[in-house]
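In our numbering, the protein residues as written are 6 to 753. Written out below as structure tokens is the structure these notes cover.
Below, the structure written as structure tokens:
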């Protein structure tokens, strides 16, 4: 045997069967505890799986079956089974209730008589194996004999029935072979279906006409109301009649939406009480139960048997069996048989429900995985696009002599793409913080008009490039909003930039800010392409992105709206989207609570967004300020040193913590700027050792943690370790100069 080949085929069969590993439903539990012997064979008749009952029949544990052929494990049964297995492989049609006899376990001398069913297992149109179901007739006879002795399984009627002159004639006792055949067929038919409807229909087809002239199966839905799942009738068009009457005479009374009619009959009574019921003399009964008896009379039913469907003592529905005209009545043997079948059917229906639920979850997971794959491809594209411009224009600047105007234009392109890449990375970090529950805001009373105006100024340039009109209307004397000015400005900028992005040339973007009682409403609307109805419920999801007018996705990661909604909710507000459809524009409404705290101006982050270039930064000189810069990246050292030296600072560079401590002892810098993640001793170790020194040796030197670790907990740790400020990379040179000036006392 080739082990690798067998393993590969076993995996293929597991996928075709929808195994628990792939589907997430308790296949193993159902398979292992089935009341019949079950096995899966590959095309070479080798065992891929076997349950305990069949393994017991063969006389060896399940693990010893795997990889061995049926002929090796059960040589006494193999000759009788081989013909049927070949028939299934050749025709693709199942073989049901075949008579299989032979010695098992091998060498025991014990002759077995089994009812066997064989079904093809397919992967698409290809048959890749066989499913086997065996009922040991001798074992079933033993169990039924014990049941008969203990509970009178085959008693004709109770004592009350015998003394009742109006009772129907005793039903003839079902022979054991008939019972065994019916149970064997039920096990085989109910084993295969993978959805609830198929399992219920298989049961109804099995019982008509074997045990009834008509059969209906009802299951309780999520609200507890019974729904017709399957129906079968012995005559043509009878099934449609059953469905029509079921709709006309529902099990639940019209006057009481949540309660069963007290005098309900048939399956309605069984669903109400959870108990089986036999109805007789239906033609003579009245119609006091809201029409259920009338329904049975319309069907010309002479006797009806109903049994509950239960899973682990939980009622899930009922089966109703009926005989028509002068047919014989139902007796206790029929009742016990119907209960046995109902138990098997309930297990099959519950398995099918679990399978269907698992399929939905799998489809949802696959959709999520597909969206994530598309998102990762989009991330790669969006990060490479600005990188291409940065690398390309950098090479052009190094290798080509350009006029000052073209050189400035090239530098603007490089800077704009670098900022775009930084924003993409920041959005990704925000999503990670949201997913981990670590995105935090620093709340204070914020002047929202100032925040909005700063965000709108940041999008005026791209709006002007598309000839878009931006209209801003702010209600005077607005109350202050409790929140984080920087994060609120991020929300407004996301909404405004989205409006600009999705509005064609010559369109209009309107931003309004009004107060309604204790709430401030911000509305951003545009005359752009609008949002499709099917996309509208998903616009705030992480991995969703709308297409542009050409059908191609608009540039960006599609994360801005997801981040914005989370930020608004952190502020105790709401963010909703509205659109009348494609080509009708879109409106985003933000509602935030008004603060009762004193009004104040929003922090300087507002100016950072409007003054986005170093040329616009205030002129600060660092003449005479000694700065020590520590970073293991030579490029970072060169950049920081050049920026600070341009402002007049005296800069000393160090590539690690050991060199930095030596420089501090020698040069006594006024400000320390240190990276965190460095080989050997990191920035935390450096600041801890520095703070142990006396002041005259630099122990109180103002220090800035300049690092790519930009999470809230990174900032907190940096401050606790001894740094005075935490500045995330990348940092604008003008901002860096301002930080050094503040720490050195050059500006207050």
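Each residue gets a CB set at the ideal place from its N, CA and C atoms; glycine is no exception. None of the values given here were measured: they were computed from a predicted structure.
Under DSSP, the beta strand (DSSP E) around residue 222 begins and ends at which residues? For the purposes of this step, residue 222 is identified with residue 217 of the chain shown, where counting begins at 1. Element bounds for residue 222: 219 to 225.
Distance CB(residue 684)-CB(residue 637) smaller than 8 Å: As a first step, residue 684 is located in the chain shown; it is residue number 679 there, counting from the start. As a first step, residue 637 is located in the chain shown; it is residue number 632 there, counting from the start. Yes; because the gap between Cβ atoms is below 8 Å, this pair is in contact.
Inter-residue Cα distance where the pair is residue 251 and residue 236: Counted from its first residue, the chain shown places residue 251 at position 246. Counted from its first residue, the chain shown places residue 236 at position 231. Spanning the two alpha carbons is a distance of roughly 10 Å.
First and last residue of the beta strand (DSSP E) that includes residue 136? Counted from its first residue, the chain shown places residue 136 at position 131. Here the beta strand (DSSP E) through residue 136 covers 131 to 141.
Just verifying my parser: in three-state terms, what is the DSSP assignment at residue 104? For the purposes of this step, residue 104 is taken as residue 99 along the chain shown, with counting starting at 1. Residue state, collapsed to three classes: strand.
Inter-residue Cα distance where the pair is residue 431 and residue 641: The count along the chain shown starts at 1 and reaches residue 431 at position 426. The count along the chain shown starts at 1 and reaches residue 641 at position 636. Going by the C-alpha atoms only, they are around 19 Å apart.
Under 8 Å Cβ to Cβ from residue 10, same chain only, skipping five residues before and after it: list those, please. Locating residue 10 in the chain shown gives position 5, where the first residue counts as 1. Reliability fails at residue 10, whose pLDDT of 42 lies under 50, so the model's placement of it is uncertain and the value that follows must be treated cautiously. Within the same chain, residue 10 has no close Cβ partners at all.
Please classify residue 705: does DSSP put it in a helix, a strand, or coil? Walking along the chain shown from the start, residue 705 turns up at place 700. Residue 705: coil per DSSP, three-state reduction.
Taking only the alpha-carbon atoms, compute the straight-line gap between residue 446 and residue 479 and give it to the nearest angstrom. Position 441 of the chain shown, counted from the first residue, corresponds to residue 446. Position 474 of the chain shown, counted from the first residue, corresponds to residue 479. Rounded to whole angstroms, the gap between the alpha carbons of residue 446 and residue 479 is 25 Å.
Please report how far the alpha carbon of residue 268 lies from the alpha carbon of residue 363, in whole angstroms. As a first step, residue 268 is located in the chain shown; it is residue number 263 there, counting from the start. As a first step, residue 363 is located in the chain shown; it is residue number 358 there, counting from the start. In this prediction, residue 268 has a pLDDT of 44, which is less than 50 and means its spatial position is unreliable; what the coordinates show is noted afterwards. Distance between the alpha carbons of residue 268 and residue 363 is about 39 Å.
Do residue 281 and residue 308 have their beta-carbon atoms positioned less than 8 Å apart in this structure? Within the chain shown, residue 308 is the residue found at index 303, counting from 1. Within the chain shown, residue 281 is the residue found at index 276, counting from 1. Going by C-beta atoms, residue 308 is not nearer than 8 Å to residue 281.
Where does residue 755 sit, in a helix, a strand or coil, going by DSSP? In the structure displayed, the chain extends from 6 to 753; residue 755 sits before or after that span and is not available.
Rounded to whole angstroms, what is the Cα-Cα separation between residue 112 and residue 46? On the chain shown, position 107 is the one that residue 112 refers to. On the chain shown, position 41 is the one that residue 46 refers to. If you draw a straight line from the Cα of residue 112 to the Cα of residue 46, it comes to about 23 Å.
Quick one, which of 575, 585, 587, 593 has its alpha-carbon nearest residue 566's? By 1-based counting over the chain shown, the position of residue 566 is 561. For the residues 575, 585, 587, 593, the minimum Cα distance to residue 566 belongs to 593.
The ligand ATP and residue 541: does the residue's C-beta get closer than 7 Å to at least one heavy atom of that ligand? For the ligand ATP, the structure offers nothing, since it holds no ligand at all.
Applying the criterion that 16 or more other CB atoms from any shown protein chain within 10 Å of the CB defines a buried residue, is residue 325 buried or exposed? Position 320 of the chain shown, counted from the start, is the residue given in the question as residue 325. By the neighbour-count rule (16 or more Cβ atoms within 10 Å), residue 325 is buried.
Inter-residue Cα distance where the pair is residue 653 and residue 669: As a position in the chain shown, residue 653 is number 648, starting the count at 1. As a position in the chain shown, residue 669 is number 664, starting the count at 1. A straight line joining the alpha-carbon of residue 653 with that of residue 669 spans about 20 Å.
Given this structure, state the Cα-to-Cα distance separating residue 474 from residue 570, to the nearest angstrom. Here residue 474 refers to the residue found at position 469 of the chain shown. Here residue 570 refers to the residue found at position 565 of the chain shown. C-alpha separation (whole angstroms): 26 Å.
Neighbourhood of residue 472 by C-beta, 7 Å cutoff - its chain only, sequence neighbours within 5 removed: The sequence position of residue 472 within the chain shown is 467, counting from 1. Same-chain partners within the cutoff: 510, 511.
CA nearest to the CA of residue 238, picked from 227, 304, 287, 223: Translated into positions along the chain shown, residue 238 becomes position 233. When only C-alpha atoms are compared, the closest one is 304.
My understanding is that residue 703 touches residue 697, with C-beta atoms under 8 Å, so please give their C-beta distance in whole angstroms. Position 698 of the chain shown, counted from the start, is the residue given in the question as residue 703. Position 692 of the chain shown, counted from the start, is the residue given in the question as residue 697. So it is not a contact: roughly 11 Å between Cβ atoms.
What residues in its chain sit with their C-beta under 7 Å from that of residue 577, if we drop five residues either side in the sequence? One-based indexing of the chain shown puts residue 577 at position 572. Excluding positions up to five away in sequence, the list reads 598.
State the DSSP-derived secondary structure class of residue 94, mapped to helix, strand or coil. Residue 94 sits at position 89 when you count from the first residue of the chain shown. Collapsing the DSSP output to three states places residue 94 in a helix.
Endpoints, beta strand (DSSP E) assigned at residue 579: The residue given as residue 579 occupies position 574 in the chain shown. Counting along the chain, the beta strand (DSSP E) containing residue 579 begins and ends at 579 to 583.
Beta carbon of residue 72, beta carbon of residue 51: below 8 Å? Numbered from its first residue, the chain shown carries residue 72 at position 67. Numbered from its first residue, the chain shown carries residue 51 at position 46. At the C-beta level, residue 72 and residue 51 come within 8 Å of one another.
Minimum C-alpha distance to residue 442 - residue among 575, 539, 276, 41: Locating residue 442 in the chain shown gives position 437, counting from the first residue. Looking at the Cα atoms, 575 is the closest of the given residues.
Counted within 10 angstroms of its Cβ, other Cβ atoms place residue 516 as buried (16 or more) or exposed: Along the chain shown, read from residue 1 onward, the residue named residue 516 stands at position 511. Residue 516 comes out buried.
Take residue 38 as the anchor and find which of 403, 352, 585 has the nearest alpha-carbon. The residue you call residue 38 lines up with position 33 of the chain shown. When each option's Cα is compared against that of residue 38, the closest is 352.
Beta-carbon separation of residue 631 and residue 672 under 8 Å? Start at 1 with the first residue of the chain shown, and residue 631 comes out as number 626. Start at 1 with the first residue of the chain shown, and residue 672 comes out as number 667. Result yes, Cβ atoms of residue 631 and residue 672 sit closer than 8 Å.
Mapping the DSSP letters down to three states, classify residue 329 as helix, strand or coil. Counting from 1 along the chain shown, the entry for residue 329 is found at position 324. Assignment of residue 329 by DSSP, reduced to helix, strand and coil, places it in the strand class.
Of the residues 674, 660, 667, 87, which one's Cα is nearest the Cα of residue 681? Locating residue 681 in the chain shown gives position 676, where the first residue counts as 1. The option with the nearest alpha carbon to residue 681 is 660.
Sequence-distant residues of the same chain with beta carbon closer than 6 Å to residue 320, five excluded per side: Residue numbering aside, residue 320 sits at position 315 when the chain shown is read from its first letter. Closer than 6 Å at Cβ, skipping near neighbours: 279, 313.
Are the stretch 342 to 357 and the stretch 198 to 218 in contact at 8 Å, needing three or more beta carbon pairs? yes
Can you check DSSP and say which residues form a bridge with residue 313? Within the chain shown, residue 313 is the residue found at index 308, counting from 1. DSSP lists 323 as the bridge partner or partners of residue 313.
In terms of DSSP beta bridges, what is residue 237 paired with? The residue you call residue 237 lines up with position 232 of the chain shown. Partner(s): 220.
So, with DSSP's three-state summary, where would you put residue 113? By one-based count along the chain shown, residue 113 stands at place 108. It is coil, neither helix nor strand.
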